[in-house]
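**Q** For the sequence shown, counting from 1, position 103 maps to 230 in the working numbering; every step adds exactly one.
Note that CB positions come from ideal geometry on N, CA and C, so glycine has one too.
Just so it is clear, the structure is predicted and the values come from calculations on it, not from any experiment.
I have a structure here, written as structure tokens, and I will follow up with some questions on it.
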Amino acid sequence: MLVRDGTGRCEKHPRPVWTKPKKAATKRITGRRLQRMREELFRQNPLCVRCQELGLVALATQRDHIVSLEEGGEENPANTQGLCDEHHEEKSLAERLRGRTRGR
């Protein structure tokens, strides 16, 4: 069926969207403060936590929020972990997919 309302979708098949969390997402930290927090995290825990769980050793390259800010997580050291690029991408993809299904 051709839909001409500009959305490209019929009412039965709407585009999946993120829904706002019950709690407003925490503002992200940027700049020098973020760099200091990254350095501290990697100094204390230089290895990817997911690799360690699998018995592997890989350097953490990404500062990750354990509970994403979009899902109500807080911007503090207790909610961060170091992940390698591969595990960070895997976790981010899972979070994006959860966000899409939440809007249905």
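Buried or exposed: residue 209, going by 16 or more other Cβ atoms within 10 Å of its Cβ?
**A** Buried, since its Cβ has 16 or more Cβ neighbours within 10 Å.
**Q** With DSSP collapsed to three states, give me the class of residue 163.
**A** Helix.
**Q** To the nearest angstrom, how far is the alpha carbon of residue 140 from that of residue 194?
**A** Each residue's Cα considered, the two are about 29 angstroms apart.
**Q** Determine the closest residue to residue 185 out of 200, 137, 172, 157, with distance taken between C-alpha atoms.
**A** Nearest of 200, 137, 172, 157 to residue 185, Cα basis: 172.
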